[in-house]
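Using our numbering, the first residue of the sequence shown is number 22, and each one after it goes up by one. Input: a single structure, listed below in structure tokens.
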Amino acid sequence: MRELIKNQTLLSLTFLHAFMHILATTLPALSPLVKVEFQLNNTYVGLISFVFALSTGIGSIIAGFLSDRYHPLNLICYGFFGTTIFTLLLFLSHNFFILTIVFIGMGFSLSLYHPSALSHIPRSFHARRGSAFGLHEVGGSTGLAVAPLAAGIISYCFNWRFAYLFWVFPMIFLVFMLMKSRINDTNDDPPSFKLFLTQSLRNEAVMRIYLIESLFGFVIGGALTFIPIFLNEARGVAPQFAVILACVFTGGGAIGKFIGGHFSDIADERHVMAAGFFIIAPLFLVAPLLPLFWCILTFAVAGVIFPAVLPAILTTMSKEIEPSQLGMAFGILMFAGFGFGSTSRLILGVVSDAFGIDAVFYPIVIAALVGGIVNICGD
């Protein structure tokens, strides 16, 4: 592990991964405040979060195609520069339509990160690949943990838009550090997109992992968006404090992903994934029935366990796909997670408006059980 930590490029990517997830998670975390400012119901709150995640997913396919043909670390830098521009445009967004357009642009900019970074790692780390993914994912989970905590505190002192602006300067500093440490890891002969799709459709393991990533994104995205709204509406927690409390779900992810990366190196990745899905299903089932303290504790436990699934997903994909195809493979994987997974925001918004905020957890439980079953099928 010390050798991994000393790798300057991996370390830079780990920190930038944190910023990527901070920027991607701040909108769901701030959903109670956005709801109040623009006078939205939960369906519209889910809609804006849905189109933001969907644009990230669609952009990931394009980013995956490009990362197999151009320098992936350059693409990461371009993505963060674009994100900076859209962050500044947030301050000019004072109606729902303009706000939605800005977040769509930000989603496309952020989409350049994952396919580029995730294709670079397996090309650079042949041994201890799961641990390298695990370390990289620690950065992502750290960002997930920090995002609601920082967003709540900053929005309490300033307008919620400053929760984005706060991160711009350290993010750009790290981008320049990454530009200094980059190496040439592009492919001389990348495959055509048509050939890649044909090969993927014939690979049962690859198609299964796309489905699992979709279910993972459904659970994570839905929970991140509606836990703060649930705490606000069902438990009477003030909006800014509800945003801060959302970090109990995201905070344990760094530990969970590190553990998941370790077990992905020594055990069957499908067993790691199945365990994560099956364990969190009953936790989300009972959480809305519990008093506030035990509800928050249950969310915290789920936030440690479920992220262990992700390093297993990434490790499995990296083993099934040729190095020259990794960019496109991870691009479609991110489309599955952000794109198809983003449907949870819209579905849960409609469910909560129709049946009450407590009902948002039932579709999450169903998705978790399906994810566990998909992993054990064929064993």
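We treat Cβ as the ideally placed atom computed from N, Cα and C, and that holds for glycine.
Fill in: Inter-residue Cα distance where the pair is Val72 and Ile125
Going from the Cα of Val72 to the Cα of Ile125 covers about 6 angstroms.
Discussion item. So, for Leu139: in the same chain, excluding its five sequence neighbours on each side, which residues have a beta-carbon less than 7 angstroms away from its beta-carbon?
Written reply: Leu335, Phe351
Worksheet entry | Those runs of the alpha helix (DSSP H) which lie wholly inside the segment 222 to 261 and span at least 4 residues | 225 to 254
Worksheet item: Where does the unbroken alpha helix (DSSP H) through Arg291 begin, and where does it stop?
Response: 290 to 307
Worksheet item: What number of angstroms, rounded off, separates the C-alpha of Leu51 from the C-alpha of Leu32?
Response: 29 angstroms
Discussion item. Is the beta carbon of Tyr185 closer than 8 angstroms to that of Leu44?
Written reply: Against a cut-off of 8 angstroms, the Cβ pair of Tyr185 and Leu44 comes out as a contact.
Discussion item. What ranges does the alpha helix (DSSP H) occupy inside the segment 136 to 206, keeping only unbroken runs of at least 4 residues that lie completely in it?
Written reply: 150 to 178, 183 to 186, 189 to 202
Worksheet item: What residue from Arg229, Ile301, Gly103 has the CA that sits closest to Asn396's CA?
Response: Arg229
Worksheet item: From Thr35, Ala267, Ser235, Cys178, pick the residue whose C-alpha is nearest to that of Ala357; which is it?
Response: Ser235
Item to complete: Verify whether the separation of the beta carbon atoms of Pro53 and Ile250 is less than 8 angstroms.
Response: yes
Discussion item. Less than 8 angstroms between the beta carbons of Ser162 and Ala84, yes or no?
Written reply: no
Worksheet entry | Nonlocal neighbours in the same chain, by C-beta distance under 7 angstroms from Met192, ignoring five residues either side | Phe40, Phe101
Worksheet entry | For Ser176 and Ser114, the rounded distance between their alpha carbons | The alpha-carbon atoms of Ser114 and Ser176 are separated by roughly 16 angstroms.
Discussion item. Suppose the cutoff is 7 angstroms on Cβ atoms and the five residues either side in sequence are ignored; what does the same chain contact list for His135 look like?
Written reply: Counting only Cβ-Cβ distances below 7 angstroms, and skipping sequence neighbours, we find Ser81, Phe351, Met355.
Worksheet item: Would Gly272 be called buried (16 or more neighbouring beta carbons within 10 Å of its own) or exposed?
Response: Around the beta carbon of Gly272, a 10 Å sphere encloses 16 or more other beta carbons of the protein chains shown; the residue is thus reported as buried.
Discussion item. Measuring CB atoms only, is the segment 363 to 379 touching the segment 322 to 337, in the sense that at least three cross pairs come out at less than 8 angstroms?
Written reply: No, because fewer than three Cβ pairs between the segment 363 to 379 and the segment 322 to 337 fall closer than 8 angstroms, the two stretches do not touch.
Worksheet item: Which of helix, strand or coil does DSSP assign to His115?
Response: coil
Worksheet item: Can you round the beta-carbon distance between Arg223 and Leu313 to whole angstroms, since I take them to be within the 8 angstroms contact cut?
Response: That belief does not hold up - the Cβ atoms of Arg223 and Leu313 are roughly 50 angstroms apart, past 8 angstroms.
Fill in: Leu306 versus Phe190: straight-line alpha-carbon distance, rounded
Near 41 angstroms, if we compare the C-alpha coordinates of Phe190 and Leu306.
Worksheet item: Does the Cβ of Ile394 have 16 or more other Cβ atoms within 10 Å, making it buried, or fewer, making it exposed?
Response: exposed
Discussion item. Only counting the same chain, and skipping five residues up and downstream in sequence, which positions put a Cβ closer than 7 angstroms to that of Ile233?
Written reply: Met294, Ile334, Gly392, Val395, Asn396
Discussion item. Quick check: what's the CA-CA separation for Phe320 versus Pro384?
Written reply: 16 angstroms
Worksheet item: What residue range is occupied by the uninterrupted alpha helix (DSSP H) comprising His38?
Response: Boundaries of the alpha helix (DSSP H) around His38: 29 to 50.
Worksheet item: Helix, strand or coil for Gly352 per DSSP?
Response: Correct three-state label for Gly352: helix.
Fill in: Where the alpha helix (DSSP H) containing Asp374 begins and where it ends
364 to 376
Practice prompt. Check Ser132 in the structure and name its three-state DSSP category.
Written response: coil
Worksheet item: DSSP three-state call for Pro312: helix, strand or coil?
Response: The answer is coil: DSSP assigns Pro312 none of H, G, I, E or B.
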